[in-house]
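Heads up: the sequence lines are chains A and B, in that order.
By my numbering, the letter at position 136 of the first sequence is numbered 136, and the numbering carries on one by one without gaps.
Count along the second sequence starting at 1, add 154, and that's the number in my numbering.
Protein chains: 2
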Amino acid sequence: MVAGPTSTGPGKERLRLWIRLLRASRTIEAELRERLKKEFDTTLPRFDVMAALYRVPEGMLMSDLSRFLLVSNGNVTGIVDRLVSEGLVTRARRNGDRRTSMVRLTEEGAKSFATIAAVHEGWVGELLGGVSDDEARQLAGMLKSFRSNWEGRE
Amino acid sequence: MVAGPTSTGPGKERLRLWIRLLRASRTIEAELRERLKKEFDTTLPRFDVMAALYRVPEGMLMSDLSRFLLVSNGNVTGIVDRLVSEGLVTRARRNGDRRTSMVRLTEEGAKSFATIAAVHEGWVGELLGGVSDDEARQLAGMLKSFRSNWEGRE
DNA sequence: GAAAATTATTTCAAGCTTAAAGTTTTACAA
DNA sequence: TTGTAAAACTTTAAGCTTGAAATAATTTTC
Chain A
1 MVAGPTSTGP GKERLRLWIR LLRASRTIEA ELRERLKKEF DTTLPRFDVM
51 AALYRVPEGM LMSDLSRFLL VSNGNVTGIV DRLVSEGLVT RARRNGDRRT
101 SMVRLTEEGA KSFATIAAVH EGWVGELLGG VSDDEARQLA GMLKSFRSNW
151 EGRE
Chain B
155 MVAGPTSTGP GKERLRLWIR LLRASRTIEA ELRERLKKEF DTTLPRFDVM
205 AALYRVPEGM LMSDLSRFLL VSNGNVTGIV DRLVSEGLVT RARRNGDRRT
255 SMVRLTEEGA KSFATIAAVH EGWVGELLGG VSDDEARQLA GMLKSFRSNW
305 EGRE
């Protein structure tokens, strides 16, 4: 996914766009992952789960998390397991439906996330510093329209 | 990395851009991965390695591959191991420097890649179909400038 | 030319990821 | 009811991923 187009023709331009999109996000992702590890001894997937939960004090179901984060169910299970064992997150049995459990940040988890998120936002600002405000808005708009277009598809 | 901004303020816009960028690439990546699996019983990392090698008939060193693909050395070792065991790639010992080996596509590997790449290009065209030609060019340009800006950084 | 540093690669442990199969619980329908 | 399907999760096997440690070969330095 990171190599160049192998031919010329009609699909070439979009392929080029895709490759650049992927390289850009991989570059930024790798840098953020490394900094999360070095500065806070945590990982991107843990951060993602905590970010999702932080927005919703009442908690989320496992399936909500997996849908929201665009990853598989089994994946979320493992990450939440680890967060629980570190005391950052809890699984609360529900009265209504015993298949499900509400996943919530603990107080410690919320505090920890808030600290990391503030620094993280600064990193993103730094790493995307080369993009002007105008470009940022424009890019974000295009990506949004791409996304809504896509979502209607499946 | 997929959740929304947790605050308002100066860094907010770039954070939003980053989240959209990441969601877009993850969505496309997931779809391509699934199709590669279903249609060709292969994976994205294998495809990436083969794409890199396809451009360079004389082959690449392991370290070239890892640099080019933006992944770690140990990672490439495992993927190439599997490709070798499937007969799609060879490791050739070099006379000059016995630490290194040239990794090349086999004839079968090149043939296999060419088939997959053609279909893959079509998929990307389809998945990015919601982006107009104009937008595609513009986006690609911005991402390119981001990338060169970034590369001067480290 | 021997010791030290560097380079290229592999190995390892831990964690992430998916798809598929399995478990438990709930909902529904005859 | 009571069985059948559906839903929410977890488990499993295989593979991907990283950073760090280990190997081996080359280059540099004295």
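Ideal Cβ placement from N, Cα and C applies to all residues, glycine included.
What residues in its chain sit with their C-beta under 8 Å from that of residue i, if we drop five residues either side in the sequence?
{"i": "L127/A", "result": "I28, E31 and L32"}
{"i": "M216/B", "result": "N227, V230, T231, V234, T254, S255 and V257"}
{"i": "V131/A", "result": "L139"}
{"i": "L44/A", "result": "E29, L32, R33 and L36"}
{"i": "G152/A", "result": "Confidence is the limiting factor: at G152/A the pLDDT is only 47, short of 50, which leaves the residue's position unreliable, though a coordinate-based value still follows. Within the same chain, G152/A has no close Cβ partners at all."}
{"i": "Y208/B", "result": "L259, A264, F267, A268 and A271"}
State the start and end residues of the unbroken alpha helix (DSSP H) segment that holds residue i.
{"i": "M256/B", "result": "From DSSP, M256/B is part of no alpha helix (DSSP H) but of the beta strand (DSSP E) over S255 to L259."}
{"i": "L65/A", "result": "M62 to L69"}
{"i": "R33/A", "result": "K12 to F40"}
{"i": "V56/A", "result": "V56/A -> no alpha helix (DSSP H), and no H or E assigned at all."}
Output needed for residue i: all residues of its chain with C-beta closer than 7 Å, excluding positions within five of it in sequence on either side, in chain order.
{"i": "R35/A", "result": "W123"}
{"i": "R248/B", "result": "T254, S255 and M256"}
{"i": "G87/A", "result": "T106 and E108"}
{"i": "A52/A", "result": "M60, L65, F68 and L69"}
Can you list, in chain order, the residues of its chain with a C-beta nearer than 6 Å to that of residue i? Leave out the 5 residues immediately preceding and following it.
{"i": "R48/A", "result": "Before going on, a small fix: residue 48/A reads as Asp here, not Arg. Contacts found: L69."}
{"i": "E154/A", "result": "With a pLDDT of 40 at E154/A, under the threshold of 50, the predicted position of this residue should be treated as unreliable, though the coordinate-derived value follows. No residues qualify anywhere along the chain."}
{"i": "G213/B", "result": "M256, V257 and R258"}
{"i": "M204/B", "result": "F267"}
Which chain B residues sit within Cβ distance under 8 Å of residue i?
{"i": "D133/A", "result": "E167"}
Under 9 Å Cβ-Cβ, which residues of chain A neighbour residue i?
{"i": "S299/B", "result": "G130, V131 and E135"}
{"i": "L224/B", "result": "V2, R23, R26, T27 and A30"}
What does residue i touch in chain A if you count any residue whose Cβ is under 7 Å from its own?
{"i": "A294/B", "result": "R16, L17 and R20"}
Within 8 Å of chain A by C-beta, residues of the stretch 172-195 of chain B in sequence order: W172, R174, L175, L176, R177, A178, S179, R180, T181, I182, E183, A184 and L186
Alpha helix (DSSP H) runs wholly inside the stretch 84-133 of chain A, at least 4 long, in chain order: 107-127
Proximal residues, the stretch 264-281 of chain B versus chain A, C-beta separation under 7 Å: A271, E275, G276, V278 and G279
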